[in-house]
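Read the structure below first, then the notes.
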Amino acid sequence: MPSLLYKYRVFDEDNFGIKMATTGEAFFSSARHLNDPFEHYFIPESNFIGLPEDELKQYIHKKTKQRFSTATRLQRKELESIAWKRAMIHRKDPTIAAAELLELQYERFGILSLVRDWNSLPMWAYYSENHEGICIGLKTEVIAEKQKQLLTEEGILLALHDVIYTDEIPHVNIDTPLNGDSTDENFDVTEAVHCTKSIHWKHENEIRLIMWNHPDTPYSFGADAVGEVIIGLNAKDENIEKLKKELSRVDSNAVIKRAIKSKEKYGLTFEDIEL
Numbered sequence: 016m017p018s019l020l021y022k023y024r025v026f027d028e029d030n031f032g033i034k035m036a037t038t039g040e041a042f043f044s045s046a047r048h049l050n051d052p053f054e055h056y057f058i059p060e061s062n063f064i065g066l067p068e069d070e071l072k073q074y075i076h077k078k079t080k081q082r083f084s085t086a087t088r089l090q091r092k093e094l095e096s097i098a099w100k101r102a103m104i105h106r107k108d109p110t111i112a113a114a115e116l117l118e119l120q121y122e123r124f125g126i127l128s129l130v131r132d133w134n135s136l137p138m139w140a141y142y143s144e145n146h147e148g149i150c151i152g153l154k155t156e157v158i159a160e161k162q163k164q165l166l167t168e169e170g171i172l173l174a175l176h177d178v179i180y181t182d183e184i185p186h187v188n189i190d191t192p193l194n195g196d197s198t199d200e201n202f203d204v205t206e207a208v209h210c211t212k213s214i215h216w217k218h219e220n221e222i223r224l225i226m227w228n229h230p231d232t233p234y235s236f237g238a239d240a241v242g243e244v245i246i247g248l249n250a251k252d253e254n255i256e257k258l259k260k261e262l263s264r265v266d267s268n269a270v271i272k273r274a275i276k277s278k279e280k281y282g283l284t285f286e287d288i289e290l
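Sequential numbering of the sequence shown, starting at 16, is according to our numbering.
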């Protein structure tokens, strides 16, 4: 894992980009609002289809006992009843359960998209408004510290996943939809649903931070998490001055750079900027 992971931002009217550069505050978006219409696209599968009812009841009983070992007998009975009703829906039409699972992803998980490369010309064009914005480098060591802190102090899971790029749509077993539990089974489904994209997006080389039970939520990693701020080569002077002023105000320790055109190849290099 590199020492910095980057987020391309614009100079927006609400100054969210500058706020991230100065305080490390980032927005964890529901997948509902991401820009890829194939986001969270999957093919539903179910073990319930074609399974005799007596075997299905045994399967549900076994799974419920495994996953809710601390529950009382009455509680497990209620859970088995719910699972049985869902199984009947799955058997009738798996797409209904798949739609419910997708909605659950939207409601339960917040996603922060980061990348390894600050020097991607397409990314500067797409996500930093034609090179007029900024690229913010977050320290991975601070992200790791926040992962531990959130889990131990607040019970919040912040998972870091590489995005998988493929031509094949992932197959997802929908018998046990994600409910926010951090089980191995749910981790597998999370990676398949949240972190699989078409090969056409491979140039982004994306890494996703996924915050469980916190969709559409801002979270501050802290000013110390910002290790680098790179200003786009087409950034306007007034935006640069505003950024520098805010970085000075918070006494930022981040390295500030300005992207410039390479004289030798299609690409960018940079020059250091003093506050």
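The C-beta atom is built at its ideal place from N, Cα and C for all residues, glycine as well.
Looking at the secondary structure, which residues open and close the alpha helix (DSSP H) in which residue i lies?
i    : result
G32  : 31–38
I97  : 88–107
P137 : 136–142
D287 : No alpha helix (DSSP H) contains D287, which is instead part of the beta strand (DSSP E) from 283–287.
R264 : 252–264
E60  : E60 -> not in any alpha helix (DSSP H); beta strand (DSSP E) instead, spanning 58–60.
Just the C-alpha distance for residue i and residue j, rounded to the nearest angstrom, thanks.
i    : j    : result
A140 : Y281 : 14 Å
Y142 : Y23  : 6 Å
L290 : R273 : 12 Å
V265 : L49  : 31 Å
E95  : A159 : 38 Å
T232 : E122 : 11 Å
E261 : T37  : 7 Å
E294 : E68  : Within the shown structure, residues of the chain are numbered from 16 to 290, placing residue 294 beyond reach of any answer.
A112 : I189 : 7 Å
N30  : H229 : 22 Å
G247 : I149 : 5 Å
V178 : I271 : 28 Å
S263 : A238 : 12 Å
I225 : E256 : 33 Å
I126 : R223 : 6 Å
F236 : G242 : 12 Å
E40  : Y234 : 5 Å
L51  : S213 : Contrary to the premise, residue 51 reads as Asp rather than Leu in this sequence. Spanning the two alpha carbons is a distance of roughly 9 Å.
I275 : S44  : 31 Å
For residue i, count neighbouring C-beta atoms within 10 Å of its own C-beta (all shown protein chains included) and say buried if the count is 16 or more, exposed if not.
i    : result
H209 : buried
P59  : buried
K161 : buried
P286 : Per the sequence shown, residue 286 should be read as Glu rather than Pro. Burial call: exposed.
G65  : exposed
M35  : buried
E156 : exposed
K107 : exposed
W216 : exposed
F53  : exposed
G170 : exposed
Just to check my reading of the structure: residue i and residue j have Cβ atoms closer than 8 Å, yes? What is that Cβ distance to the nearest angstrom?
i    : j    : result
H105 : S135 : About 42 Å; that fails the 8 Å criterion.
H176 : E206 : 6 Å
F83  : W227 : 19 Å between Cβ atoms; not a contact.
T110 : R91  : Not quite, the Cβ-Cβ distance comes to about 29 Å (not below 8 Å), so this is no contact.
L165 : L173 : 5 Å
F346 : A102 : Any property of residue 346 remains undetermined from this structure, which presents the chain solely from 16 to 290.
E144 : V25  : 4 Å
Would you kindly report the start and end of the unbroken beta strand (DSSP E) that includes residue i?
i    : result
Y180 : 179–181
I246 : 241–246
K276 : 270–276
I11  : It is not possible to answer for residue 11, since the shown part of the chain is limited to 16 through 290.
H76  : That residue, H76, is in no beta strand (DSSP E); its alpha helix (DSSP H) goes 68–82.
V25  : V25 -> no beta strand (DSSP E), and no H or E assigned at all.
K2   : Outside the shown range of the chain (16 to 290) lies residue 2, about which nothing can therefore be said.
T167 : No beta strand (DSSP E) contains T167, which DSSP labels as neither H nor E.
M124 : According to the sequence as given, residue 124 is Phe; it is not Met. Its beta strand (DSSP E) spans residues 124–130.
H146 : Unbroken run through H146: none, as it is neither H nor E.
K280 : No beta strand (DSSP E) contains K280, which DSSP labels as neither H nor E.
H215 : Unbroken run through H215: none, as it is neither H nor E.
N50  : Taken as a continuous stretch (DSSP letters only), N50 belongs to no beta strand (DSSP E), as it is neither H nor E.
N188 : 186–188
T232 : 232–235
For residue i, verify whether its CB is less than 6 Å away from any heavy atom of the ligand SAH.
i    : result
P185 : As far as ligands go, the structure on display features none, and thus does not contain the ligand SAH.
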